[in-house]
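Chemist: So the sequences go chain by chain: A and B. Residue 280 in my numbering is what sits at position 280 of the first sequence, and the numbering runs on without skipping anything. Residue 1306 in my numbering is what sits at position 306 of the second sequence, and the numbering runs on without skipping anything.
2 protein chains.
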Amino acid sequence: MDKDQSSEDKTSESRAQQNGQGSPTTNAGLKADLSVAEKLAGLRAVMSAEGIDAFVVDNADPHNNEYVAERWCCREWLSGMKGSNGMVVVTADWSGLWTDSRYYEMAEESLEGTEIELVKMSDVGVATVDEWLKAHLDEGQTVGFNGADTSVEQADSWSESFQQAGLNVRSELDLINSIWLDRPAAPKGELFLVDDKYAGKSIEAKVAELREQMKQQKLDAYLLGRTDESCWLLNFRGTDIEASPTPYCHTLVTKEDVLFFVDAEKLTAEAVAKFEAAGVTLKGYNEIESSLSDLDASARLLLIAQYAGFSLARAASHCVVIKGRAIVTDLKAVKNPVEVAHLKQALIDDGAAMVKFFTWLYRCMREGEPMSELKASRKLEAFRAEIPGFRHVSFDSIMGYGPDGALNHYCVDEESDKPVKNENIFLIDSGGNFLHGTTDTTRTIPMGEPTQLQKEDYTAVLSSMLELLMLEFAEGSNGAQLDGVCRQVLWKHGRHFKHGTGHGVGFGLEVHEGPQNISGRSTEKMMLGMITTIEPGCYRAGKHGVRIENMVHTVLGEDSEFGRFFKFENLTFCPINTDLIEKSMLPARQIDWLNNYHVEVLEKLSPLLNAEEREWLTHECRPV
Amino acid sequence: MDKDQSSEDKTSESRAQQNGQGSPTTNAGLKADLSVAEKLAGLRAVMSAEGIDAFVVDNADPHNNEYVAERWCCREWLSGMKGSNGMVVVTADWSGLWTDSRYYEMAEESLEGTEIELVKMSDVGVATVDEWLKAHLDEGQTVGFNGADTSVEQADSWSESFQQAGLNVRSELDLINSIWLDRPAAPKGELFLVDDKYAGKSIEAKVAELREQMKQQKLDAYLLGRTDESCWLLNFRGTDIEASPTPYCHTLVTKEDVLFFVDAEKLTAEAVAKFEAAGVTLKGYNEIESSLSDLDASARLLLIAQYAGFSLARAASHCVVIKGRAIVTDLKAVKNPVEVAHLKQALIDDGAAMVKFFTWLYRCMREGEPMSELKASRKLEAFRAEIPGFRHVSFDSIMGYGPDGALNHYCVDEESDKPVKNENIFLIDSGGNFLHGTTDTTRTIPMGEPTQLQKEDYTAVLSSMLELLMLEFAEGSNGAQLDGVCRQVLWKHGRHFKHGTGHGVGFGLEVHEGPQNISGRSTEKMMLGMITTIEPGCYRAGKHGVRIENMVHTVLGEDSEFGRFFKFENLTFCPINTDLIEKSMLPARQIDWLNNYHVEVLEKLSPLLNAEEREWLTHECRPV
């Protein structure tokens, strides 16, 4: 799954989805299913009562998580627009929704018939929310947003900017809450523990490692940022949100204590026992503010401004607040050997599931069975679900047949579902979250006789992917430099794609995990032990899309008098279709790599397949 | 001339040099030529009197300029270390000099016999000045630095960091001034005007363009940052500092006024008349603080935090200070067609000077005339000085024969000068500042029979340079991505270099000009009309160094359904030695480019050469 460069704030293109566990707190007697016009009228009424001239509504939770439970999908509730990136601004006589180019089409559909204007934020010269507000409000007027669900970074930036422009700022109001009568409660999914045999390190060892770093930075306390930091440190996962292993919780580590803030009903007796044995003190989710308030005034507290809610920064404002870099994010990005070994197996299991799916798909097509994107997506998920350790898909599968493959963030559902025929190419981007790792693989396959243009697009993308995958690069190189290496192959073929080239992947955690990224904006260095995707693409609107994605592990390459070199160890074993290759476009060294790769794919996946699947794979793995 | 990636704060590797105009203000009767020990003792005495526990001394002027007049070379005066990057920290019982890897050797030599410890700031895990002070000072102790010569950015960062660590900060003290008895005065070089036929735009037109941008950003005032912003806006150059066209001055643009702060003795009657005709109000250099103080409290003032001195920010603290992006830096980076046309001619003139120099050098060597780096450097400068419009060299030439070529920032002078023989390769990086443009060219040439290793190093560098020069890239690509494209060619040959790949160049202004850079750290986009260098290298300590550098102009490439593509127009016409080429390493398309290039070089330069030079060039331009 790729990460779009045009997404400024959010790290995923997937729709945030809520699990069924949040029971709605409907206020009986009041109308719950309001129209957009009624919701806007309600919001304007409370804005007017509070003296707010403009209110900003986002889909953001108190952790600024990538996947947000329905309770916090305020912008979606207000506007009907479901994409992962979007903010609504409402004034007394205007409302607009800012979103990036991935969602223009989706937003246009959602907003049709409402008063809400679409503001195309990826377009050149279009004002940001910040700029728009400063341009359209008069000095002395008041902008409001909900500080509890706004990151410190965003809130600080807005506050400074608005105040400089002579606007007042109110950040303590949850205005949507007062009009969203059937707003769902926070989810209550049960936590489960990750055994040390998967994690590779005990809670105690991780906490000791973290405290060592805190000592070096002279920190007395550290409020972990993104919730996956807590999952990694305390070896657990959650079930609050579909397609996300991270539950709503906070962790505050001090020199003496590890305070874990989570609702008691999410904890099994086993979890309580394990946390207590590891010296972790359990507290209620909502106790975080009072624990922050209890910190000594001289305490040096590390706070991750990108993720921590603004109200938590306020609760800790008496301390010496250091807005710094998330230590756990750096620690967990470098996978330990146990994690890497598990992930390698997970990607073999995952590759076998893909082969089972491809075999089934082509059989169905051969036999004339009606096929659709949604049917294919469900079958692929079913094959993945057979793998021991499967928890859930790692993101909503992108199943784009023909023109749908050109929609970078196409998400198939009952409404968007389209038939798959024997005429075009089919882009399949999917992955699983397993106890033994998180996977993310994209393949593009021909469903009929490919056109020359399709073959050339495909080969340019494949060559670009292999260029980076086969590269040895100097230690210290960063994501932007590696992005250039990958992209120039496509440029030389007159092609370009507008999303990032790759992203870090968590171990049994989020499919998008920092700090590293392969994109023009990423100056984060590629470190040994990191797990990253490489996924260039080529998209022709209305025609087809191509993307090919493997996961790689950064390992040591050659030593030289110029310093150390690093390289990528390929981790994904899943056949790369060769019928779509225009061989004249592929350098000999890439053809050799591909042929060797397919020998390995066949060897690793065959034991997991039945005779029919093995036969299909054997043909697919023939040398180019 | 390349820009080292390890330089965090300064943008040049060249030694800052003062012209002779600053008359020393020696305090007769006191000893002026102090030893480092005496200077440190004096500093500690004034530190103690002021209650300062640690004092930081830098070579920085009130503009954070790349080239600093001797008056502001406080660190150099205190420690004896001349490099462009270095800070000295002095406590009651310790002193240390922080510098980057370019200057380790130079610093070791300079500090020998003094108590000052060398702190190798490029090494992994070495504390920054900030970190060191926080680790070694106790709560309640006081750090001092001179705020007048420290940028707002640096001062803000230090102040916040030290205060968080419980340290006191004093930024109003110029302690060095009280012990540097023969400190030179500020230079008083005369300004000269740049005719509109060179600038391509009148002062009035530039001011109008700037005010349009200020209006869009709702700015009432803008204190220009780096002094080259003033030069560009008001079409003049200065003579305060050797190898720098920018004099000490400030410009404050408001909605109504253009206030130009410069010492009156620097202005000719012609300059006064031209500025007044263009509506520019002239003020004394030191009147800037009071003019800032006079701004209305509601004024929105843009201040460039990277360049403006901290004391100017204090003078303006009653306004709404916007620490933003330098508008003029963006305006002047995009060269107008008149500037580009002049620069093209300047690079032809410059290429001819290089050919005259090469012809002379090889003749001398043939005839057995003793040759040295310094002698060669002076001759090259003499050839450049013959070009009409020559003002000065654009930086101190790097003339590295053999092992000296491996020293990235080698600067030849009487002390470092070494003979040039018929045995090794010779790296020559030099340029001129002309009325019709600023040039920067590097060539590496064989002085004898090259070794296979030299040929392979050279060809890898050449191939890397041509890879980027010949690239078409998607609009929106940035310096880090382009850096990766260039560098990967060297990586594939198992080589690497540790400086940046290229930098922006001013028009008759500084040889290093932002915003763009080609380096792993630069996320600035490459824009149409920008002028940039491409200069990869390969260095083998104790053996030899290779660098090849051309200047390029960003122009439109092909349009495609994926968006616009940009490409580089080559601007440098100077033969690229082909005896050093290992042809089997160079792709055919690069060989073709090179052969076409040499046809063009011969055509453009021949009219400017005598028969001997033309003969030499004709041979040099033979096809590979």
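A virtual CB, placed ideally from N, CA and C, is assigned to each residue, including glycine.
1) In the DSSP output, what is histidine 1250/B paired with across the bridge?
2) Compute the beta-carbon to beta-carbon distance between proline 1247/B and threonine 1268/B, rounded to the nearest angstrom, for a pair I have assumed lies under 8 Å.
3) Compare the beta carbon distance of serine 151/A and alanine 92/A with 9 Å and say whether it is the shorter of the two.
4) Measuring straight from C-alpha to C-alpha, what distance separates phenylalanine 162/A and lysine 215/A?
5) Use the C-beta contact count for alanine 352/A: other C-beta atoms within 10 angstroms, 16 or more gives buried, fewer gives exposed.
6) Would you report the Cα separation of alanine 1305/B and asparagine 1146/B, rounded to the nearest angstrom?
7) Quick check: is the beta carbon of phenylalanine 1426/B nearer than 9 Å to any beta carbon in chain A?
8) For alanine 1326/B and glycine 1225/B, what's the separation of their Cα atoms in angstroms?
9) Do alanine 1406/B and lysine 1543/B have their C-beta atoms within less than 9 Å of each other?
10) Indicate whether lysine 206/A and leucine 167/A have their beta-carbon atoms separated by less than 9 Å.
11) By the 10 Å Cβ neighbour count, where 16 or more other Cβ atoms means buried, how is alanine 264/A classified, buried or exposed?
12) Can you confirm whether glycine 1484/B, when its beta carbon is compared against all beta carbons of chain A, has any partner nearer than 9 Å?
13) Between the region 1508-1516 of chain B and the region 1488-1499 of chain B, are three or more C-beta pairs nearer than 8 Å?
14) What are the residues that DSSP puts in a beta bridge with isoleucine 1348/B?
15) Could you compute how far the alpha carbon of leucine 1435/B sits from the alpha carbon of arginine 211/A?
16) Residues in its own chain within less than 7 Å of aspartate 1404/B by CB, not counting five upstream and five downstream?
17) Taking 9 Å as the threshold (beta carbon to beta carbon), is lysine 206/A in contact with chain B?
18) I need the straight-line Cα distance from alanine 1069/B to alanine 1060/B, nearest angstrom please.
19) By the criterion of Cβ-Cβ separation under 9 Å, what are the contact partners of glutamate 400/A in chain B?
20) Among Ala1299/B, Leu1608/B, Asn1433/B, which residue has its Cα nearest to the Cα of alanine 1385/B?
21) Measure from the alpha carbon of glutamate 1139/B to the alpha carbon of each residue in Ile203/A, Gln154/A, Lys218/A, then state which is nearest.
22) With a threshold of 16 other CB atoms inside 10 Å of the CB of valine 1334/B, please say whether the residue is buried or exposed.
23) Along chain A, in chain order, which residues have C-beta atoms closer than 7 Å to that of phenylalanine 1357/B?
24) Have a look at Lys1188/B, Ser1202/B, Pro1187/B and flag the residue whose alpha-carbon is nearest the alpha-carbon of valine 1194/B.
25) For arginine 1075/B, count the other beta carbons within 10 Å of its own beta carbon; 16 or more makes it buried, fewer makes it exposed. Which is it?
26) Please classify tryptophan 94/A as buried or exposed, where buried requires at least 16 other C-beta atoms within 10 Å of its C-beta.
27) Could one say the Cβ of isoleucine 322/A lies closer than 9 Å to chain B's Cβ atoms, at least one of them?
28) Is it the case that the Cβ atoms of arginine 622/A and threonine 572/A are separated by a distance below 9 Å?
29) Any beta carbon from chain B within less than 9 Å of phenylalanine 565/A's own beta carbon?
30) I'd like the list of long-range same chain contacts for valine 280/A, defined as Cβ closer than 6 Å, with 5 residues on each side in sequence excluded.
31) Assign glutamine 481/A to buried or exposed, taking buried as 16 or more other Cβ atoms, counted over all protein chains shown, within 10 Å of its Cβ.
32) What are the boundary residues of the beta strand (DSSP E) that valine 57/A is part of?
33) Can you tell me where the beta strand (DSSP E) with threonine 459/A in it begins and where it stops?
34) I want to verify the contact list: residues of chain A whose CB lies under 8 Å from the CB of asparagine 1517/B, in sequence order.
35) Would you list, in sequence order, the uninterrupted alpha helix (DSSP H) runs of no fewer than 4 residues that lie entirely inside the region 68-107 of chain A?
36) Spell out whether any CB of chain A is found under 9 Å from the CB atom of alanine 1165/B.
Modeler: Inspection of the coordinates gives the following:
1) Phe1261/B
2) A Cβ-Cβ separation of about 13 Å leaves proline 1247/B out of contact with threonine 1268/B under the 8 Å criterion.
3) no
4) 37 Å
5) buried
6) So the alpha carbons of these two residues sit roughly 16 Å apart.
7) Chain A places no beta carbon closer than 9 Å to that of phenylalanine 1426/B, leaving this residue out of the contacts.
8) 7 Å
9) yes
10) no
11) With fewer than 16 other Cβ atoms within 10 Å, it is exposed.
12) yes
13) no
14) Under DSSP, isoleucine 1348/B takes part in no beta bridge, so it has no partner.
15) A straight-line Cα-Cα distance of about 60 Å links leucine 1435/B and arginine 211/A.
16) For aspartate 1404/B, where only same-chain residues beyond five positions count, the Cβ hits under 7 Å are Glu1373, Tyr1410, Lys1418.
17) no
18) 9 Å
19) In the sequence on display, residue 400/A carries glycine and not glutamate. Chain B residues near glycine 400/A: none, gap ~18 Å exceeds 9 Å.
20) For alanine 1385/B, the nearest C-alpha among the options comes from Asn1433/B.
21) The shortest Cα separation from glutamate 1139/B among Ile203/A, Gln154/A, Lys218/A belongs to Lys218/A.
22) Result: exposed.
23) By Cβ distance, chain A contributes nothing, its closest Cβ being about 31 Å from phenylalanine 1357/B, past 7 Å.
24) Distance from the Cα of valine 1194/B is smallest, within the candidate group Lys1188/B, Ser1202/B, Pro1187/B, for Ser1202/B.
25) buried
26) exposed
27) yes
28) No, Cβ-Cβ distance for arginine 622/A and threonine 572/A is not below 9 Å.
29) yes
30) Val258, Phe260
31) buried
32) 54-58
33) Premise fails: threonine 459/A lies in the alpha helix (DSSP H), 452-469, not in any beta strand (DSSP E).
34) Neighbours of asparagine 1517/B on chain A: none; closest Cβ ~12 Å, over 8 Å.
35) 74-79
36) yes
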